[in-house]
Each structure stands twice: as structure tokens, then as C-alpha cells.
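> Numbered continuously in my numbering, the sequence shown closes out at residue 1161.
Where is the CB? At the ideal position from N, CA and C, for every residue including glycine.
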Amino acid sequence: MSILDGKRIFVSSNSKRKTEQLDKLIADIEKEQQIDIPRMVITSKNSKSDEVQIFIKNVKQEILNYRVVLSSPSRGTGIDISFDNDSQEIDCVFGIYETQINTHLDIDQQLSRVRHPKEINVYVSPRQFDFETEFGVVKEDMQSKFLEELPESNFQIQTQTQDLVRSRWNIL
990 MSILDGKRIF VSSNSKRKTE QLDKLIADIE KEQQIDIPRM VITSKNSKSD
1040 EVQIFIKNVK QEILNYRVVL SSPSRGTGID ISFDNDSQEI DCVFGIYETQ
1090 INTHLDIDQQ LSRVRHPKEI NVYVSPRQFD FETEFGVVKE DMQSKFLEEL
1140 PESNFQIQTQ TQDLVRSRWN IL
């Protein structure tokens, strides 16, 4: 499926940066080929703009005005891109996903916004992590993280309260 073939493309990504990179790539293609590729780019940066809000409110009609829609997850749920008689107006849905951002359920939600596309292609980053799973180490990490995030004054109050409870009721 090629944008240059005039296909209508919907791209979902969990990365604003990737979405913006794709937009720049398409702009470069426009310049190089001396063509216009009508597109809508939706990220957290512009999701509140009038243009994007009009697009979202009338998505079933508005999407037909564009050859490419690039969308990062600035809008979680509630978007249904379907057409009368299950018409296949979108030629291809592409999904481009990085690890550790959202779950497979979120990805499924994003990909399923477009109902009845002619084709779906998904790329998920193969990056792997080697996280610690030993309970004691995980517990220690969590305690350490908690203490880092705890404001100094709250920690002092908590410490004083524990000392008071220890001395009066011998509980702790």
C-alpha cells in the first residue's frame, strides 16, 4: 500500500515522536515529488485545536478528505471510524508501536478505530528488557523509589508519628 498510489492510509502509533517523524517524511516526499498529500496529524500537541476537534466530531466524513491520517494516542477511546454498509473506505491501517508505553489491549483499541480496512500492518518494537523478578529485590526497589518520591516534610512527620506510637503504645 503506497501513499504515492493514492491509497487512503490511517497510521496509529503510541509515540508522538514517531508520528511527527512520519509527518516530516511525508512532507519530504511531497517536496521531492512536487505533489500534495492531504493529511491530518493528531498528537497531544494539537489535539485540542479547532481543526482536530472538527475532524474528530465528524470523523466519518472528514477522514475522506485526507489521504493520510497520523494519530498518536492523544485520544484514548470513543472514536469509531466506520462507514455505511461496512464500506471499506480506508485502504490500509498501519500500527507502529514502541515498548513499555501501553498494553496490547490499548494497541488493539487504537487499531480497531478503523472498521473494515482493506489491509492492516503492524510493527511492534522488538526491544526486550531484563527486569528483576526476585521478590526481595523488587520490594527493595519499590521502597527506595517510594522514599525518593516522598517529600521531606511528610517523611519527617511519618517518622515522628511512628516514634510517638512506639513510645506510647508499644505497637511498632
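Just list the residues that DSSP pairs Arg1028 with in beta bridges.
Start at 1 with the first residue of the sequence shown, and residue 1028 comes out as number 39. Arg1028 pairs with Val1057.
> Compute the Euclidean distance between the alpha carbons of Ser1101 and Val1127, then round it to the nearest angstrom.
Locating residue 1101 in the sequence shown gives position 112, counting from the first residue. Locating residue 1127 in the sequence shown gives position 138, counting from the first residue. About 35 Å.
> To the nearest angstrom, report how far apart Ile1043 and Thr1122 are at their CA atoms.
In the sequence shown, residue 1043 corresponds to position 54, counting from 1. In the sequence shown, residue 1122 corresponds to position 133, counting from 1. Between Ile1043 and Thr1122, the C-alpha separation is close to 47 Å.
> Of all the options Glu1051, Phe1072, Pro1115 and Ser1061, which has the alpha carbon lying nearest to the alpha carbon of Asn1003?
The residue given as residue 1003 occupies position 14 in the sequence shown. Looking from the CA of Asn1003, the closest CA among Glu1051, Phe1072, Pro1115 and Ser1061 belongs to Ser1061.
> Can you have a look at Leu993 and say buried or exposed, based on whether 16 or more other CB atoms are within 10 angstroms of its CB?
As a working note, residue 993 is residue 4 in the sequence shown. By the neighbour-count definition (other C-beta atoms within 10 Å, threshold 16), Leu993 is an exposed residue.
> Identify every residue that forms a DSSP beta bridge with Ile1070.
Taking the first residue of the sequence shown as 1, we reach residue 1070 at position 81. According to DSSP, Ile1070 bridges with Val1103.
> Take Ala1016 as the anchor and find which of Leu1059, Val1048 and Ile1052 has the nearest alpha-carbon.
For this step, residue 1016 is matched to residue 27 along the sequence shown. Per the Cα distances, Leu1059.
> Excluding the 5 residues flanking Glu1009 on each side, which residues of the same chain have their C-beta closer than 7 Å to its C-beta?
Within the sequence shown, numbered from 1, the residue matching residue 1009 stands at position 20. So the list reads Thr1032, once near-sequence residues are dropped.
> Would Ile1085 pass as a contact of Tyr1112 if the rule is Cβ separation under 8 Å?
The residue given as residue 1085 occupies position 96 in the sequence shown. The residue given as residue 1112 occupies position 123 in the sequence shown. Cβ atoms of Ile1085 and Tyr1112: closer than 8 Å.
> So Ile1043 is in the alpha helix (DSSP H); what residue range does that whole segment cover?
As a first step, residue 1043 is located in the sequence shown; it is residue number 54 there, counting from the start. Per DSSP, Ile1043 belongs to the alpha helix (DSSP H) from Asp1039 to Lys1046.
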